[in-house]
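In this note's numbering, the protein residues as written are 94 to 366. Don't be surprised by glycine CBs; every beta carbon is placed ideally from N, CA and C. Here the structure is a predicted model, which is why all the values come from computation and not from measurement.
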Amino acid sequence: MEVRGFALVTGAASGIGKACATAFIKEGAAGVALVDINETALQTARAEIENLIANMEPRAEASGSKGMPRRQPLVATYVLDVTDEIQVQRVIEEAAANFGRLDYVVNAAGVASVGLCGVASIPTEDWKRVLDINLDGTLHVLRSAARVMLEQSGPKRGSIVNIASILGVRSMSNSAAYTTSKHAVVGLTRSAAIDYAKERIRINAICPGYTDTPLLKKNAHLHERVAGAAAEIPMGRLGQPEEIADGVLFLAGGRSSYVTGTTLMLDGGYTAK
């Protein structure tokens, strides 16, 4: 599942985003831009990836390059609030200029609701926070990435993968803000994919099931819910961020060259029931 070219990943300081950034490097990307709002965690993630690069075996170039080792992958970091559309545009353009192009963009920045409650009790500020980050943030990055990719040449202008959720195709009690945001991400993905299919830009979504991430661990109300839900997963366990990253790289890379507008379920069989 080797990928070539340059990637940008939001939410890259931890969890699924960090696993995606790491996977791009492991699978041969020429460079990756790590994007997150948490500067301290972002620098930690960068140090871990640079340590990985330092200990990787050199890969040979493709045929026609006389088997010469490839250059070391480039790593860049950008502190970014994805709800700020002007800042998003600047970072996307800067990353594309620094790398020369952007081949893959992964929208992994996201948050959960502060607590679990019915619609009648949702605080307006929490509703807006979840929608601002999960939906508007995804739109800002997707839109800016599409603008850059439309200016790129080649048979494949670029590939964008949005991280949705099983709650983008299902619903659950006391989770209206998060469920609404992820349903909207699925709809946005499908619509944008149709918009740009003829422009050689592929846009897809991943719908992770219950995954063992820091987001889950630091939200006690989610941890309690997942503890009960884990028993309902046909495969009998939570997913790991690296398993979600495998799905992301499949949709991002050339092995899925005829796939756009789809949502890939990575949930241990949960939604198959």
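Counting the other Cβ atoms within 10 Å of the Cβ of residue 289 gives 16 or more, which makes it buried.
Of the residues 228, 178, 122 and 356, the one whose Cα lies closest to the Cα of residue 237 is 178.
With contact defined as three or more Cβ pairs closer than 8 Å, the stretch 283–298 and the stretch 243–256 are in contact. With contacts defined by Cβ atoms closer than 9 Å, residue 101 and residue 197 form a contacting pair. CA-CA distance, residue 248 to residue 97, rounds to 14 Å. With fewer than 16 other CB atoms across the displayed protein chains lying within 10 angstroms of its CB, residue 149 is exposed. Membership of residue 274 in any beta strand (DSSP E) is not indicated; the residue belongs instead to the alpha helix (DSSP H) covering 269–289. Counting other Cβ atoms within 10 Å of its Cβ, residue 214 stays below 16 and is therefore classed as exposed. Note that the C-beta distance between residue 329 and residue 359 is not below 9 Å.
Between residue 235 and the set 279, 265 and 364, the nearest pair of CA atoms involves 279.
CA-to-CA, the gap between residue 325 and residue 259 works out to about 14 Å. The three-state secondary structure of residue 259, taken from DSSP, is helix.
DSSP places residue 105 in the coil class of the three-state scheme, outside both helix and strand. In the structure shown, residue 219 falls within a helical segment according to DSSP collapsed to helix, strand and coil. Considering only 242, 119 and 194, the residue with the shortest C-alpha distance to residue 145 is 119.
Annotated three-state conformation of residue 326 is coil, per DSSP.
In the three-state reduction of the DSSP assignment, residue 363 falls in the helix class.
At a Cβ-Cβ threshold of 9 Å, residue 200 and residue 273 do not count as neighbours. Residue 347 places its beta carbon 9 Å or farther from that of residue 293.
Nearest to residue 303 by C-alpha distance, out of 291, 297, 210 and 261, is 261. Residue 229 sits in a helix when the DSSP states are folded into three classes.
Residue burial annotation: residue 212 is exposed, with fewer than 16 other C-beta atoms found within 10 angstroms of its C-beta. By the CB criterion at 9 Å, residue 147 and residue 131 fall outside the cutoff. Residue 305 and residue 297 have their C-alpha atoms spaced approximately 23 Å apart. Secondary structure of residue 118 (DSSP, three-state): helix.
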